[in-house]
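From first to last, the protein sequence lines are chains A and B. The first sequence maps to residues 1 to 214 in this note's numbering. The second sequence maps to residues 215 to 428 in this note's numbering. For every residue, glycine included, the Cβ atom is placed at its ideal position computed from N, Cα and C.
Number of protein chains: 2
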Amino acid sequence: MEQSTAVHTLDSILAMEKRYRAAFINSLLGPKPGNLVGTQNRRHQANLAIMSSAFHLGASPPLVGLIIRPDVSPRHTLQNILDTGYYTLNQLNASIVVPGHQTSARYPEEVSEFEATGLTTEQIRQFPAPFVRESLIKIGLKLLEHHPIKINGTHLIIGEVQLVSVPQQAIGDDGHIDLVSADAVGITGLDSYHRLEQLQRLSYAKVDKDPEPI
Amino acid sequence: MEQSTAVHTLDSILAMEKRYRAAFINSLLGPKPGNLVGTQNRRHQANLAIMSSAFHLGASPPLVGLIIRPDVSPRHTLQNILDTGYYTLNQLNASIVVPGHQTSARYPEEVSEFEATGLTTEQIRQFPAPFVRESLIKIGLKLLEHHPIKINGTHLIIGEVQLVSVPQQAIGDDGHIDLVSADAVGITGLDSYHRLEQLQRLSYAKVDKDPEPI
């Protein structure tokens, strides 16, 4: 049975209503990682913002990229990162989707999203930014590079992984972390949360043989 | 019951064996989108490479970021994008995980990964890069910016969405695309593929009320 296909061009995309377009374009690439970004301001007040824009930049050295849009709710996050040089990424899991989502409300600067949503700050080894206790996989990052993306006014933040906390039992012999056991959540579009169902792991691809389940 | 937690610092991460570290660091952020990147070289030979490094950069204008590592298998992709200025992202789905994964084998330049893996090229409206027929959500992109990331030798490619093909029935009234119905796949770590299970969609967060399922 032939399915009906919608084809859009740049013109028809630009003609979409603004929130419709945001939902549509945000859905195109597939599932995105969900992370709560923890920062503090110069007065040590904790801030927390959910983001789905973190991406792996490299393992050696361990680097993470993060796109921050200054025009939406986590507007204190960028300033805090630039002011202090440190931030945390706390992986979203199914137990904290609702308070995590709620961190995107536009709280005034004097309100900590931790207190407003009931999530708990955690200090790990004097790292100078707050972690989220309820998250299972936590990363402490040091700001290395800040690239303003002129084309749309967003900001690319590149951070070096300086501290990682992961449940021991989720780490495999080969370093792979079982994110299903860590109850990881993916985000699609602007507001849709998904659990992961294991499909398969596949062996390193070689030209002369088919990949095998591992 | 208290779970055992592994805490790593930058020093202990840098001391990990190389592939162990790659698997570990690639797992930290959570699920990543899976896309097959279609390009052609100047002689119009089609190339296809699986990547999990695409990210949403903005909806207005519609922009996608892509990190390309020249030192791993999809090494022709970067050159083709720079040479021709166009490329496609074809969202991975559960039916094409195995041939999609196999595109990461180091085929010589004269071998098209389409032919080697059995995936089918599709031409849409004279767009100057090949799409993947078996993919359900396809994006045609024009290269806008190329930022070499000096810190680790990767490349950030920023593209403008010029053409999109999506199953009509997956698009909601609000522009959100139901990626579960589109059989979308997330990637964790280097080689682990996951189906999505719908958890919930949540209403736009406001300061004075809790988010509600939508």
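Taking 8 Å as the CB threshold, Thr302 of chain B stays off the interface with chain A. Assigned with DSSP and collapsed to three states, His44 of chain A falls in coil, not helix or strand.
Take the alpha-carbon of Asp208 of chain A and the one of Asn240 of chain B: they are about 26 Å apart. Counting C-beta atoms within 10 angstroms of its own C-beta, Leu14 of chain A has fewer than 16 neighbours from the protein chains shown and is therefore classed as exposed. Assignment of Phe114 of chain A by DSSP, reduced to helix, strand and coil, places it in the helix class.
From the beta-carbon of Arg415 of chain B, the residues of chain A found nearer than 7 Å are Asp191 and Ser192. Bridge pairing for Ala184 of chain A: A:Asn93 [DSSP]. Look at Val132 of chain A: its C-beta is not under 8 Å from any C-beta on chain B. Any Cβ of chain A closer than 8 Å to the Cβ of Arg235 of chain B would place that residue at the interface, and such an atom is present. Taking 8 Å as the cut-off, the Cβ atoms of Ile281 of chain B and Thr402 of chain B do not count as close. Thr298 of chain B and Pro342 of chain B do touch by the CB rule: their CB atoms are close to 6 Å apart, below 8 Å. Just measuring C-alpha positions, the residue of B:Phe238, B:Arg283, B:Ala273 and B:Val251 sitting nearest Asn152 of chain A is B:Ala273.
Listed in chain order, the non-local C-beta contacts of Ala46 of chain A below 6 Å within the same chain comprise Gln40, Ser112, Phe114, Thr121 and Pro130, local neighbours out to five positions each way being set aside. Residues of chain A with a Cβ closer than 7 Å to the Cβ of Ala419 of chain B are, in chain order, His101, Gln102, Ser104 and Ala105.
Here Ser95 of chain A has Glu134 and Asp183 as same chain residues with Cβ atoms under 8 Å from its own Cβ, once five neighbours each way along the sequence are excluded.
In the structure shown, Ala170 of chain A adopts helical secondary structure according to DSSP, grouped into three states.
Beta-bridge pairing by DSSP links Lys246 of chain B to B:Ile401. Chain-ordered, the chain A residues with CB closer than 8 Å to the CB of Asp424 of chain B read Val98 and Gln102. Cβ-Cβ distances below 6 Å link Ile428 of chain B to Arg415 and Ser417 in the same chain, with the five nearest sequence neighbours on each side left out; the list follows chain order. Taking CB atoms only, Ile151 of chain A has a neighbour in chain B less than 8 Å away. Put simply, of A:Val64, A:Ser104, A:Lys32 and A:His176 the residue whose alpha carbon is nearest the alpha carbon of Tyr193 of chain A is A:Lys32. One Cα belongs to Asn80 of chain A, the other to Arg42 of chain A, and the distance between them is close to 7 Å.
Between the beta-carbon of Gly248 of chain B and that of Ile264 of chain B there is about 7 Å, and that keeps the pair under the 8 Å contact cut. Assigned with DSSP and collapsed to three states, His176 of chain A falls in coil, not helix or strand.
A Cβ-Cβ distance of about 6 Å is found for the pair Pro381 of chain B and Leu350 of chain B, placing them in contact under the 8 Å criterion.
Below the 8 Å Cβ cutoff, chain A contributes Gly175 as neighbours of Met230 of chain B, in chain order. Residue pairing by DSSP places Lys142 of chain A opposite A:Tyr86 and A:Glu160 in a beta bridge.
Annotation for Tyr407 of chain B: the continuous beta strand (DSSP E) segment containing it runs Ser406 to Arg415. With a threshold of 16 other beta carbon atoms within 10 Å, Glu324 of chain B falls short and is exposed. For Val132 of chain A, the closest C-alpha among the options A:Lys142, A:Leu144, A:Gly100 and A:Gln162 is that of A:Gly100.
Within the segment 238–262 of chain B, contact with chain A at the beta-carbon level (separation under 7 Å) is assigned to Phe238, Ile239, Asn240, Ser241, Leu242, Leu243, Gly244, Pro245, Lys246, Pro247, Gly248 and Asn249. Of all alpha-carbon atoms in B:Lys420, B:Asn307 and B:Ser266, the one lying nearest the alpha-carbon of Leu333 of chain B is that of B:Asn307. Residues of chain A whose Cβ lies closer than 7 Å to the Cβ of Ala273 of chain B are, in chain order, Arg21, Ala22, Ile25 and Asn26. In summary, Glu411 of chain B is exposed, with fewer than 16 beta-carbon neighbours lying within 10 Å of its beta-carbon over all protein chains present. Residues of the same chain with a CB within less than 6 Å of the CB of Leu262 of chain B, apart from the 5 flanking positions on each side, are Leu250, Gly252, Thr317, Glu327 and Phe328 in chain order.
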